[in-house]
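Asker: Please see the structure below; I have some questions.
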Amino acid sequence: MDFELTEGQKMFQTMVRDFCVKEIEPYAAEWDESNKFPHETIKKMVDAGLFAVHFPEKYGGSGDEISFAIAAEEVSRASAGLGVAYLASLGLAMYPILMHGSEQQKEHYIPRVINGAIVAFGLTEAMAGSDVAALETRYTREGDFYILNGTKIFISNGAEAQFVTTFATKDKLLGYRGISAFVVDQGTFGFSVGKIERKMGLHPASATELIFDNCKIPVANLIGEEGRGFRVALEAIDASRVSIAAQALGISQAAFDAAVAYCKERKQFGMELAKMQAIQWMIADMATDIETARLLIYKAAWLTEKEGHAPPKESAMAKLFASEASHRVCHKAVQIFGGYGYTKDFAVERYYRDQRITELYEGTSEMQRWTIARQVLGVK
Ligand SMILES: Cc1cc2nc3c(=O)[nH]c(=O)nc-3n(C[C@H](O)[C@H](O)[C@H](O)COP(=O)(O)OP(=O)(O)OC[C@H]3O[C@@H](n4cnc5c(N)ncnc54)[C@H](O)[C@@H]3O)c2cc1C
Numbered sequence: 083m084d085f086e087l088t089e090g091q092k093m094f095q096t097m098v099r100d101f102c103v104k105e106i107e108p109y110a111a112e113w114d115e116s117n118k119f120p121h122e123t124i125k126k127m128v129d130a131g132l133f134a135v136h137f138p139e140k141y142g143g144s145g146d147e148i149s150f151a152i153a154a155e156e157v158s159r160a161s162a163g164l165g166v167a168y169l170a171s172l173g174l175a176m177y178p179i180l181m182h183g184s185e186q187q188k189e190h191y192i193p194r195v196i197n198g199a200i201v202a203f204g205l206t207e208a209m210a211g212s213d214v215a216a217l218e219t220r221y222t223r224e225g226d227f228y229i230l231n232g233t234k235i236f237i238s239n240g241a242e243a244q245f246v247t248t249f250a251t252k253d254k255l256l257g258y259r260g261i262s263a264f265v266v267d268q269g270t271f272g273f274s275v276g277k278i279e280r281k282m283g284l285h286p287a288s289a290t291e292l293i294f295d296n297c298k299i300p301v302a303n304l305i306g307e308e309g310r311g312f313r314v315a316l317e318a319i320d321a322s323r324v325s326i327a328a329q330a331l332g333i334s335q336a337a338f339d340a341a342v343a344y345c346k347e348r349k350q351f352g353m354e355l356a357k358m359q360a361i362q363w364m365i366a367d368m369a370t371d372i373e374t375a376r377l378l379i380y381k382a383a384w385l386t387e388k389e390g391h392a393p394p395k396e397s398a399m400a401k402l403f404a405s406e407a408s409h410r411v412c413h414k415a416v417q418i419f420g421g422y423g424y425t426k427d428f429a430v431e432r433y434y435r436d437q438r439i440t441e442l443y444e445g446t447s448e449m450q451r452w453t454i455a456r457q458v459l460g461v462k
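Going left to right, the sequence shown walks through residues 83 to 462 as my numbering numbers them.
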């Protein structure tokens, strides 16, 4: 048993933290206000090597799943909006190719991400949210091509993505066995971006419709085997939940740091808030939530690295706990700031809004509990 990060992981953590403090954190409030995607910052992240993390060395990558969790935490601590753009590009949207892609797909797409390509993962539809297998986007085969028809909703990075990994069914009556996974490049005939959502938080990142209207892609764009797309999607989500948990942890850490600094400065009744037991108890609970979340995340990331795929129970536990802990931590941070925490003059207001999505996407908390319970009870 060893609870220490390796020397390499510690150095990486220091490098990412320094980068985020200098290049991301000072601009996060501005991006939140303007809803602007920070393309220039993406270039700087690429130069710092942040887009190479967790990809195999063979394709130009470096680092492991624990380093990816560290980066997801640090980037999200500075800006959760940029955080989702980053971790959806490297994680969620790329796991289908990393885990099931052909050699040709890996050689083509992984270096593009390492060079800063933004990527999206298009699974959710109007009638298929938690019930993923109910998706209705259809595909047919015509010679050496697949033709896709349907609409995805709420897709992170939809407006900026250079390519998307997505899912469609041959025949809805086949249920999950009818689903296959594909990669579709931006600019492909019949593929377009629809409605861009106006969201509560994560403002610099887009969440959009993706429209496939007789979208024609080569058969080489099938990811894995035909009819195995449901498994591809679930394995990608299992792995990605660890980075969403790390995103929640990053937001918690930012809210906690702000609350600690504030309660040492702010005085009421002639003393610092930090000297009041009611505040101390909140700080103690926040610190314990953060420590527990970090341990669950590192364990799930470590298991993913060791076993080559994410363990569904541990990744669901990490996501469930870290996201709900972040809810508690951000709530308490606003409480400690009092009325000031409800204004846009203080970042805790943004953390409170940004945090909420971590309990919803990549499976709501109810879906995480379902996954954990099925694993624990051994029922389907
Ligand atoms: C900002 C944002 C970004 C997103 N990014 C992406 C993305 O990049 N790619 C993508 O594919 N999707 C994305 N999503 C979609 C997201 O994953 C879904 O919204 C989420 O999975 C929930 O689906 P739903 O919204 O349809 O809710 P529903 O499935 O309609 O659920 C509504 C409520 O019912 C509960 N519920 C449903 N079924 C059960 C059950 N069997 N037992 C108990 N409770 C149940 C849910 O937990 C929830 O509380 C994003 C969403 C948002 C808002």
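Positions of the beta carbon are idealized from the N, C-alpha and C atoms, including for glycine.
Predicted model only: the values in this text are computed from it and were never measured.
How about I229 and L292: are their beta carbons less than 8 angstroms apart?
Answerer: Against a cut-off of 8 angstroms, the Cβ pair of L292 and I229 comes out as no contact.
Asker: Per DSSP, V275 forms a beta bridge with which residues?
Answerer: Answer is L292, bridged to V275.
Asker: In whole angstroms, give me the CA-to-CA distance for G142 and P193.
Answerer: So the two alpha carbons sit approximately 7 angstroms from each other.
Asker: Can you give me the C-alpha to C-alpha distance between V324 and K346, rounded to a whole angstrom?
Answerer: Between V324 and K346, the C-alpha separation is close to 33 angstroms.
Asker: Which residues mark the beginning and the end of the alpha helix (DSSP H) in which T374 is found?
Answerer: Unbroken alpha helix (DSSP H) run through T374: Q359 to E389.
Asker: What does a CB cutoff of less than 7 angstroms around T409 pick up in its chain, not counting 5 residues either side in sequence?
Answerer: At residue 409 the sequence reads His, which differs from the Thr that was named. Only Q437 and E441 meet the Cβ criterion.
Asker: Count Cβ pairs between the segment 355-375 and the segment 396-410 that sit closer than 8 angstroms; are there 3 or more?
Answerer: Counting Cβ pairs under 8 angstroms, three or more are found: they touch.
Asker: Just mark M399 as buried or exposed, buried being the case when its beta carbon has 16 or more other beta carbons within 10 Å.
Answerer: Under this definition M399 is a buried residue.
Asker: Helix, strand or coil, according to DSSP, for I192 in the structure here?
Answerer: It is helical.
Asker: Tell me which same chain residues have a C-beta within less than 7 angstroms of the C-beta of T446, skipping the five on either side of it?
Answerer: So the list reads S212, once near-sequence residues are dropped.
Asker: According to DSSP, which residues form a beta bridge with Y422?
Answerer: DSSP, once it has assigned bridges, lists no residue as partnering Y422.
Asker: Taking contact to mean at least 3 C-beta pairs separated by less than 8 angstroms, is the segment 313-322 in contact with the segment 339-355?
Answerer: No, the segment 313-322 does not touch the segment 339-355.
Asker: Can you tell me whether N303 is buried or exposed, with buried defined as 16 or more other CB within 10 angstroms of its CB?
Answerer: With 16 or more Cβ atoms within 10 Å of its Cβ, N303 is classed as buried.
Asker: On the three-state DSSP scale, how would you describe T233?
Answerer: DSSP places T233 in strand when its eight states are reduced to three.
Asker: Among W113, V265 and D146, whose alpha-carbon lies nearest the alpha-carbon of Q470?
Answerer: This structure cannot speak to residue 470, because the chain is shown only from 83 to 462.
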